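Structure first, commentary second.
There are 4 protein chains.
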Amino acid sequence: MGVVERRAREKEQRRETILDAAKEIFSRKGYQGATMEEIAARAELSPATLYLYFNNKSELFASLNIKMLAFLCHRVEQVAGQKGLEPPEKVRHLAQAMHDVYTFDPLILTNVLHMQASQELMDLSPELKEQVNSMAARGLRLMAGIFQQGIEQGLFRPYPPVALADLVWAVFSGLVLWEESKHGFAPEKDYLQDTLELAIEIMARGVSK
Amino acid sequence: MGVVERRAREKEQRRETILDAAKEIFSRKGYQGATMEEIAARAELSPATLYLYFNNKSELFASLNIKMLAFLCHRVEQVAGQKGLEPPEKVRHLAQAMHDVYTFDPLILTNVLHMQASQELMDLSPELKEQVNSMAARGLRLMAGIFQQGIEQGLFRPYPPVALADLVWAVFSGLVLWEESKHGFAPEKDYLQDTLELAIEIMARGVSK
Amino acid sequence: MGVVERRAREKEQRRETILDAAKEIFSRKGYQGATMEEIAARAELSPATLYLYFNNKSELFASLNIKMLAFLCHRVEQVAGQKGLEPPEKVRHLAQAMHDVYTFDPLILTNVLHMQASQELMDLSPELKEQVNSMAARGLRLMAGIFQQGIEQGLFRPYPPVALADLVWAVFSGLVLWEESKHGFAPEKDYLQDTLELAIEIMARGVSK
Amino acid sequence: MGVVERRAREKEQRRETILDAAKEIFSRKGYQGATMEEIAARAELSPATLYLYFNNKSELFASLNIKMLAFLCHRVEQVAGQKGLEPPEKVRHLAQAMHDVYTFDPLILTNVLHMQASQELMDLSPELKEQVNSMAARGLRLMAGIFQQGIEQGLFRPYPPVALADLVWAVFSGLVLWEESKHGFAPEKDYLQDTLELAIEIMARGVSK
DNA sequence: AATGAATGAGCTTTCATTCAT
DNA sequence: TATGAATGAAAGCTCATTCAT
């Protein structure tokens, strides 16, 4: 492995460092509240350096979201692609997968949704925009597919599949927001697990005949 | 009806105009993203005029939230205070009430939660801070009370009532976020009703023995 | 005295009310620090009303200074015009007169000097500008006259009279500034008298052969 | 002399450039009247740049005053510490020292006194506040010490030493204000020297038995 | 490649001034 | 005559972004 390769790996590592820092700051302060300077400080770099890796603030944010969406898609894909699993089982696995995602980073969805909501404001390059959108769509399509399969096998009520995917999304988002709300309302942590279980049941219930 | 009265009514109306504009903008852009200039433009006023009615940006935001919380509390109170209604019925009514609130303004909770999350950053006057917090607490206490009553009557599983109130909150927030997400993912509107029904069932299920 | 006269007197009274309020506020906050709103509040009037009596902030300030200068000139005139008084006596009386002025309003000179210093910045009407300048000049001329007389009678050293008048001014200003400085350095009040006495001596000493 | 050193020196130089510009503008317009934009323009920098060197307007003003007070303290210290000098001589030297300070920058005291007067209004960091106050106190203590010594040796009348230091201060301030007043009254420059001499005599006279 | 330094653009906020009533 | 309400203009300050080194 020559110098070129090492350089490339180093560069990739820096990128990750920055994305990690960005995740931390964007999560805590929101997109508008975060400053490039603060992200740079957390990454132990100068603000100017960030611009060597990302064209501007919104592309940094977008790249972060793509990374997170990729992880989410990956997990959902695993579930969707699992052979020899009945749809109801898959739904359970799906919920578990989403819980994993949530555990991996509780703020994924807050961010992703925010990205979606204000996409028109950000001046992303067309490629990035495309990437974000297609990835989000893919995640939903995968989820919808699971429910669709169940419907086709006559196991699920024929709720329009998109709506069900949205339900997953919604309940999951509930968890996220709920988590956030605790800064103010402060229930005990453990009820998250209870809530998750209920959410799984809802999903299963909502789709099984 | 003297001049003074008309003046007072006009003033109150302006306040409402501003709060409406603020709701619109804060909802779309978030607290940090919204600018006083934009809010003023939407209210068809000059930015300076906003400061005749609100001391600063955060107090405008806080006032908006207080108004929304007041409406929410009012509705929940109606349900909680309804005589001759069994707790399970009340839970159904509660869900309906929250749907009303949601219909009245789909963005209530997004804002309120954001307010809770970043409260420490805003330099609110102590009075306003107190008002926001006590109102939020009151809303939760009312909801918790409904479940508590059910538990005491042996009709509900003894989930800690706070957790249940949080569940309501969480699922409801899910609806909100879900709604938001549609800016990006755009499912059809009507599924909201389905989701709500499911949410009602969850709540009933989660609490009935 | 008809209605017209009463109206005129009332109007004059309002003017005085405003000038009093202005004196208070300008003294405490300085020209730039004072706001029309604060002055209006102190005069128990609306800001708009101030503009019925004065064209703008600087003319209000200028009018105030003219009033104060008038009082100062009046006192100095009394001393200068006193028959049968030898110049050395007159100097003593002059110092006393200035002390009276100072007692009447300790901030006269701070204000007047500020006015002089930044005159070019204020957009005064030519008439007001003229009035302020001629009044200040008259005050100095009167003081200079006293010393001049002494010199002509061979009683005072032939210091250029303007310089001596300036000395009076300077020492007196010292008192003013000194008073101001006490907000920070806080010596006891009574030493003002001592200092004044010394100042009188300086003045007498500086001019007597 | 590495890059780091040169950077540091350049940075220090910029700071000085800004302080010089600030001195000029604050002196002419006063604290409230001066604008950051004007100061920046004079320093041939953008307003934003000022904030790289000073946290805000009041800290810039405070830093300026600290610098000036430091110079003043330094000069007074030299006089106070001079061995083999009788108190009366020291008073003369003190007056000369203050004249030096005045020559170095005629506006030192105008600024410093203004700072003292409105200190409570400015939101300085506690450290800066402490620095300004302790430095001003130190200057006065040094001056008072000189007179105290004379009193203890029975050479001066037992005027409370603080009052005497204040007298020095006051007369000196008179010079400053007087200088200011000339923008309006414009006597010739040279009389400053005469006035100074008289001031020296006052001080000597005021304190010698 | 990395950064210290600089800045233009924009935001919140204030205030002298105006005007309809 | 008096004023409540409104606002243009400007001030302090922040921050994404650039550029010389």
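Line order of the protein sequences matches chains G, C, W and B. Per the working numbering, the first sequence starts with residue 77, numbered consecutively. Per the working numbering, the second sequence starts with residue 77, numbered consecutively. Per the working numbering, the third sequence starts with residue 77, numbered consecutively. Per the working numbering, the fourth sequence starts with residue 77, numbered consecutively. A virtual CB, placed ideally from N, CA and C, is assigned to each residue, including glycine. All of these numbers come straight from a predicted model, not from anything done at the bench.
Check                                                                                                                                                          : Outcome
Can the beta-carbon of Ala146/W be found less than 8 Å from the beta-carbon of Leu204/W?                                                                       : no
Output yes if chain B places a C-beta closer than 8 Å to the C-beta of Gly106/W; else output no.                                                               : yes
Between which two residues does the alpha helix (DSSP H) carrying Gln89/B extend?                                                                              : Val79 to Gly109
Let me confirm a value: Arg85/C is counted as buried when at least 16 other C-beta atoms fall within 10 Å, else exposed. Which label applies?                  : exposed
Check the Cβ of Gly328/W against every Cβ in chain B and list those closer than 7 Å, keeping chain order.                                                      : Residue 328/W falls outside the range modelled here, since chain W spans only 77 to 285, and no answer is possible.
By how many angstroms is the C-alpha of Asn209/W removed from the C-alpha of Ser201/W?                                                                         : 13 Å
Does the beta-carbon of Ala19/W have 16 or more other beta-carbons within 10 angstroms, so that it is buried, or is it exposed?                                : Outside the shown range of chain W (77 to 285) lies residue 19/W, about which nothing can therefore be said.
Could you check whether Val152/W and Leu140/W sit closer than 8 Å to each other, using their CB atoms as the reference points?                                 : no
If you drop the 5 nearest sequence neighbours on each side, which residues of the same chain put their C-beta closer than 6 Å to that of Leu231/G?             : Pro163
If you draw a straight line from the alpha carbon of Val177/B to that of Gln158/B, how long is it in whole angstroms?                                          : 18 Å
Going by other Cβ atoms of all chains shown within 10 Å of its Cβ, with 16 needed for buried, is Gly78/G buried or exposed?                                    : exposed
My assumption, with CB atoms under 8 Å, is that Gly221/C sits in contact with Leu148/C. Please give the rounded CB distance.                                   : Rounded, the Cβ-Cβ distance is 15 Å, inconsistent with contact.
Work out the CA separation of Asn132/B and Ala213/C for me, nearest whole Å.                                                                                   : 39 Å
Taking only the alpha-carbon atoms, compute the straight-line gap between Arg90/G and Glu120/G and give it to the nearest angstrom.                            : 10 Å
Going by C-alpha to C-alpha distance, which of Ser122/B, Gly109/B, Lys105/B and Phe130/B sits closest to Leu95/B?                                              : Phe130/B
State the DSSP-derived secondary structure class of Met198/B, mapped to helix, strand or coil.                                                                 : coil
Only counting the same chain, and skipping five residues up and downstream in sequence, which positions put a Cβ closer than 7 Å to that of Phe102/B?          : Ala110, Phe137, Leu140 and Asn187
Can you tell me whether Val155/W is buried or exposed, with buried defined as 16 or more other CB within 10 angstroms of its CB?                               : buried
Excluding sequence positions up to five away, which residues of its chain have a Cβ less than 8 Å from the Cβ of Asp199/G?                                     : Asn132 and Ser134
Have a look at Met174/G, Glu165/G, Ile142/G and Thr93/G and flag the residue whose alpha-carbon is nearest the alpha-carbon of Ala116/G.                       : Thr93/G
Taking only the alpha-carbon atoms, compute the straight-line gap between Leu126/W and Lys99/B and give it to the nearest angstrom.                            : 35 Å
Could you have a look at Leu231/W and say whether DSSP puts it in helix, strand or coil?                                                                       : coil
Suppose the cutoff is 6 Å on Cβ atoms and the five residues either side in sequence are ignored; what does the same chain contact list for Gln207/G look like? : Ile142
If you follow the alpha helix (DSSP H) that Ser134/C is part of, which residue opens it and which one closes it?                                               : Lys133 to Gly157
Suppose the cutoff is 6 Å on Cβ atoms and the five residues either side in sequence are ignored; what does the same chain contact list for Leu268/B look like? : Reliability fails at Leu268/B, whose pLDDT of 45 lies under 50, so the model's placement of it is uncertain and the value that follows must be treated cautiously. There are no such residues.
Where Met174/C and Gly106/W are concerned, what is the direct C-alpha to C-alpha distance, given to the nearest angstrom?                                      : 56 Å
Anyone know if the C-beta pair for Gln225/G and Gln108/C falls short of 8 Å?                                                                                   : no
Taking Arg217/W as the reference, which of Glu88/W, His150/W, Met112/W and Leu161/W has the closest Cα?                                                        : His150/W
If Ala97/B and Arg118/B are in contact, beta carbons under 8 Å, what's the gap, nearest whole angstrom?                                                        : 4 Å
Give the straight-line distance between the Cα atoms of Met211/B and Met144/B, rounded to the nearest whole angstrom.                                          : 10 Å
What three-state label does DSSP hand Phe130/W in the structure shown?                                                                                         : coil
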